[in-house]
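Protein chains in written order, with the numbering used here: chain A, 1456 to 1817; chain B, 125 to 410; chain C, 31 to 322. C-beta atoms are modelled at their ideal positions from N, C-alpha and C, and glycine is treated no differently. Computed from a prediction, not measured in an experiment: that's the story for all the values here. Reading through the structure tokens given below for one structure.
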Amino acid sequence: MTKAKRKRLIYNLITFGLVVAAFFILQNMIAAKTISRSLKGQLVPICAWIVMAVSLNLVIGFSGELSLGHAGFMSVGAYTGAIVSGWLLEAFNMEDPVIRLALAILCAGIIAGIVGALIGIPVLRLRGDYLAIVTLAFGEIIRNLVNVLYVGVLDGKLHFSFLNKDLPEGVTMLVDGAKGAVKIKPISTFTAGFILVMITLVVVLNLVNSRTGRAIQATRDNRIAAESMGVSVTKYKMTAFVTAAVLAGMAGALYGLNSSTVVPTQFTFNQSINVLVFVVLGGLGNVLGSVISATFLTVLPEVLREFADYRMLVYAVVLILVMIFTNNPTTRAIANRLFAPVKALFRRKKPAQPEIGGGDAQ
Amino acid sequence: MTDMKKKHRSDTRMVPVPSHSIVPERDVNEIPVLETRHLGIEFGGLKAVDDFNLTIGKTEIAGLIGPNGAGKTTVFNLLTKVYEPTSGAVLINGQDLHGMSIVQASRLGIARTFQNIRLFDKMTVEENVRIGLHNQIKYDMFTGILRLPYYWKQEKRQHEQAMDLLGIFGMQDLADEVAGSLPYGAQRRLEIVRALATDPKLLLLDEPAAGMNPHETEELMENIAKIRDQFRIAILLIEHDMSLVMGVCEGICVLNFGRVIAKGTADEIQANPDVIEAYLGKKKEG
Amino acid sequence: MIFLDHLINGLSLGSIYAIIALGYTMVYGIAKMLNFAHGDVIMVGAYIAFCGLQYWGVPPVLAILLAMVVCTMLGITIEGLAYRPLRQATSLAVLITAIGMSYLLQNIALMIWGANPKSFPTTFINSASLHLGKLSISSATLITIGVSVVIMVALTLFTARTKLGKAMRCVSEDRGAAELMGINVNRTISVTFAIGSALAAIAGVLLCSSYPILQPTTGSMPGIKAFTAAVFGGIGSIPGAMLGGVLLGVIEIFGKAYISTELGDAIVFAVLIIVLLFKPAGLLGKPMREKV
């Protein structure tokens, strides 16, 4: 096995191992009732945000495009999940929460994927900042649209209405405009969240280390060269974008079905920015980093509750300081010198080799 | 060095072909790998390339030379459909590239390197070559995600082919190095390997010897000839290093201000007064 | 007449967006960064003016000047502390820092002034209305449009004629070359932030004069929309920001009036997307030609 392959294998194993270990530890804590109530309530959201962060990393880190509307896909997924779950319950009396959850998440992924494909067509024609702005625009459009969406069930049939609550008499409301998705029976479980996280990791890590994943990264590193080698930039950026949308949709369904209501204000531009921060802090292209940062930064505001009014302030200050210290050349040099002995421990010394093919003119 | 020159001269007799181009005798009965007819591109009134006619034989090593700004890279961009011509046509193995995208042109068998190196710098050397193999050894996305047996089979094939190709320049040991961290010469060689991985019929090299010392340039000349002989393809190179051009090119086309000013063998070009004038300026009267 | 009514309102709102967009576009042009915190500087300016008018009994003109001074200093400080250390960093890193700065400003405002929305005093600016036949235009609207026109003209002249303005354009085009020509890059960038922040203060006052609800999140949405307007007009282009801002305001008002109030924002963003599909570099932007 080549050196690179071995490194990759270890990285993947650590990533999976960490998640599996965390799951078992937490399950034990739940069984032994040693887990705090606030942390227990955070478990499903953490899973959802991990999936959001890893999927966004696929777009930003591996495909090299800034997406500022990722929460829009989460929103689509949450609403789809609520509608499907509610409809299955009302129309088919499907009491089993596990099957309802699974179907809801599946449908959410599919619908979010379709929306992603439709959005991707105009979006991926643009470059850089213009692409980012259009993803932001779509995110806002989705938020506006779900705010005036009315969905209800009557006699097994789904009724949709837009702008006006124009639904037949006696209908059971599933989505009530600005009130959001109402009277949801919360069916999300930590186990389901864990499974979704594992699926996401398998999909993203396997995708990235495959022919498709390499093509996606090539489009990030050099568009013209990729095209010249026969790799269609549009096709592969679309692949990354839609895959991320599917995963985000599933995360949305999990998140939405965790509480009894889902409101449009839960999926604003601010949430898109939140996920962006998770991804950047965890490292672009670093899936393990996204897992850790999403977990840490979701838990942090709760931990900071101690500081009550000041907690978001502290969060903001910490964020700014971390960005400055990790990106300023002077501070980086200082940090490198501090950590040099630690890094040396991990580096295996390669014996000096004579240059192959003659020296290089400088 | 002169021995090699002689070897090339005797081995390739250039023969005029009805389209007023010359191709090596051995390729006369084959469809030319490249034929351009009155190819041109205009940028807002400025004709960057005008009335460009060139025919290259199936296994010919040809050169495209001219002063800086003559339009040589623009020609490459036209051939690879990075630019859409405003006039004329490009034919690869007899097929017109009109309306094709860069990707489609690539599938017809034209590959290139770039004047300012365009590697995938965050990816490893082997991964760069594997991108070249993207359309040669395939499997779909779901096979990859589910890690089906076909994935393992094709990945092994890609790895072996990539290593074989890197072996041309003896670069196998560098396979796991990040492409952006390689020294300049190695990066140029990697670009050539990556282009070869796409199994082209015509290889375009844009200033492959830039920044090389005479020893490296000589090695490059040998490698270019070796590549042509081993893969039986045609090579068109843009170069400023005349020792390389005159040493390895069978047919040479000279460009100035976007137009062809001379075409012929190395000896004919060197003696051509228009060419001399283009490079050195007009001889003073009197 | 209703059409003209909406048009005037649209121009008024659009003027505010234009002033904000100018701040975004100038900073983007010169520092190649998206100053996410710009929208929140607007909010700060509005709060300062509010305090001046409501608590400290300062005459209106002075209150506005006070807001401008505070915002200018705030802008320069933010640039020096948070953005300058990251000059060499990737644009994404700077973006995240700007996001952090935006959160910081919102939370400081929250701490100082609380979450309860304040009602911005509009009596000083809205004292009269102009009557043209059946049309009634409030003085707030007139002042807004008037001030914006003055600002746009002044800024255009400034960048075209003055030494500092030319320096700004040079640093926008090629920072290295500007430095070699002896231009003090740091000072030029600081000045750009200063101007943008001063404009933000004015925008804050004008915004709250027409839409008098003031809370720590007041600057957020107009900030996003103005940023959209700047991109819409071609990011980095001053005339583009003006055009984009005004158009965006008009589209928003017309969209809310003739199609749907709730979908007003969606319409604005939809128009943006459609325009960018046809003009991928914005209305007045120049498409970047990549050298191959």
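At least one CB atom of chain C sits nearer than 7 Å to the CB of Asn201 (chain B). Contact between Thr160 (chain B) and Ala213 (chain B) is confirmed by a C-beta separation of about 7 Å, below the 8 Å threshold. Counting along the chain, Pro148 (chain B) sits inside no alpha helix (DSSP H); it lies in the beta strand (DSSP E) bounded by residues Ser145 to Pro148.
Proximity to Lys262 (chain B) across B:Asp174, B:Gln239, B:Val253 and B:Tyr275 peaks at B:Tyr275, based on C-alpha coordinates. For Arg1492 (chain A), the uninterrupted alpha helix (DSSP H) run begins and ends at Arg1492 to Asn1512, by DSSP. For Asn137 (chain C), same chain residues with a beta-carbon under 7 Å away, outside a window of 5 residues either side, do not exist. Under the Cβ criterion of 7 Å, Pro1784 (chain A) is counted among the residues facing chain C. The three-state secondary structure of Cys373 (chain B), taken from DSSP, is coil.
A Cβ-Cβ contact shorter than 7 Å links Met182 (chain C) with Met272 (chain C). Across the structure, Asp1584 (chain A) and Ala1486 (chain A) are spaced so that their CA atoms are roughly 49 Å apart. For Met1684 (chain A), at least one C-beta of chain B is nearer than 7 Å to its own C-beta. For Ala1699 (chain A), the closest C-alpha among the options A:Lys1488, A:Ile1505 and A:Phe1478 is that of A:Ile1505. In chain order, Thr204, Lys205 and Leu221 place their CB closer than 7 Å to the CB of Ala229 (chain B), counting only its own chain and leaving out the 5 sequence neighbours on each side.
Along the segment 115-130 of chain C, the positions whose C-beta sits under 7 Å from a C-beta of chain A are Pro115, Leu116, Gln118, Ala119, Leu122, Ala123, Ile126, Thr127, Ile129 and Gly130, read in chain order. In this structure, the beta-carbon distance from Leu1736 (chain A) to Ser1748 (chain A) falls below 7 Å. With respect to the 7 Å criterion, Thr1689 (chain A) and Gly268 (chain B) are not classified as neighbours on the basis of their beta carbons.
Here Leu1656 (chain A) is buried, its C-beta having at least 16 other C-beta atoms within 10 Å. Residue environment: His339 (chain B) is assigned as exposed (fewer than 16 neighbouring CB atoms within 10 Å of its CB, all protein chains considered).
Spanning the alpha carbons of Ala231 (chain C) and Cys81 (chain C) requires a straight line of approximately 13 Å.
When secondary structure is reduced to three states using DSSP, Ser305 (chain B) falls in the helix class. DSSP lists B:Pro148 as the beta-bridge partner residues of Met138 (chain B). The C-beta of Val302 (chain B) comes no closer than 7 Å to any C-beta of chain C. Ala93 (chain C) is positioned such that its CB atom lies closer than 7 Å to that of Ala79 (chain C). With contacts defined by Cβ atoms closer than 7 Å, Gly181 (chain B) and Pro148 (chain B) form a contacting pair. The beta carbon of Val206 (chain B) sits closer than 7 Å to some beta carbon of chain C.
Counting along the chain, Thr179 (chain B) sits inside the beta strand (DSSP E) bounded by residues Leu170 to Ile180. Under DSSP, Val317 (chain B) shares a beta bridge with no residue. In the three-state reduction of the DSSP assignment, Lys325 (chain B) falls in the coil class. The DSSP-derived three-state label of Thr152 (chain C) is coil. By the criterion of a C-beta distance shorter than 6 Å, Phe66 (chain C) is surrounded in its chain by Ala128, Ile129 and Ser132, once the five residues flanking it on both sides are discounted. Put simply, the CB of Glu251 (chain B) is near chain A, with a gap under 7 Å to one of its CB atoms. Rounded to the nearest whole angstrom, the C-alpha separation of Ile1779 (chain A) and Leu244 (chain C) is 31 Å.
What Lys1692 (chain A) touches in chain B, judged by beta-carbon distance under 7 Å, is nothing: the nearest beta carbon there is about 13 Å away. For a Cβ distance threshold of 7 Å, residue set Met265 and Gly268 of chain B lies close to Thr1667 (chain A), ordered along the chain.
Distance from the CA atom of Met336 (chain B) to the CA atom of Thr102 (chain C), rounded to whole angstroms, is 54 Å. In this structure, the alpha-carbon of Glu184 (chain B) lies about 35 Å from that of Arg1675 (chain A).
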